[in-house]
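Chemist:
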Amino acid sequence: MTRRPRRNHTSAFKSKVALAAVRGEQTLSELGQQYDVHANQIKQWRDQLLEGASDVFEKESKAPDPTPTIDVKTLHAKIGELTLENDFLSGALSKAGLLSAKK
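Quick note on numbering: the working numbering labels position 93 of the sequence shown as 96, and the sequence is numbered without any gaps.
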């Protein structure tokens, strides 16, 4: 008997199977045959779903801030660095005679 390679299930698949287990329309063994997953694994997913269900209805949202924090000093330093590079390169091109041909 050969072992099946380890499978990684997506969170969407886990939630679908766990919701089917919570509904109770089929037994865990029937769901296991239907979704090709062991009944113990379905029970674990169902328990995780029921434990985490209270977090869905919390009043305080823990969603990340939609606007990322901006470090202005870092941006100014980068602008200065790029300006210095542009000035250096334009000077080097004008000395080589390539910049005057493009203007």
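C-beta: ideal position from N, C-alpha, C; glycine also.
Keep in mind it's a predicted model, so treat the numbers as computed, not measured.
Note the first and the last residue of the continuous alpha helix (DSSP H) segment covering R7.
Modeler: What you label residue 7 is simply residue 4 of the sequence shown in a count that begins at 1. Taken as a continuous stretch (DSSP letters only), R7 belongs to no alpha helix (DSSP H), as it is neither H nor E.
Chemist: For I45, which residues from the same chain have a beta carbon less than 8 angstroms from its beta carbon, with the 5 sequence-adjacent residues on both sides left out?
Modeler: The sequence position of residue 45 within the sequence shown is 42, counting from 1. If we look at I45 and ignore the five residues flanking it on each side, its Cβ neighbours are V20, A21, A24, L31, L34, G35, Y38.
Chemist: Taking only the alpha-carbon atoms, compute the straight-line gap between R26 and I73 and give it to the nearest angstrom.
Modeler: Numbered from its first residue, the sequence shown carries residue 26 at position 23. Numbered from its first residue, the sequence shown carries residue 73 at position 70. Roughly 46 angstroms between the two C-alpha positions.
Chemist: Please classify D50: does DSSP put it in a helix, a strand, or coil?
Modeler: Indexing the sequence shown from 1 puts residue 50 at position 47. Helix.
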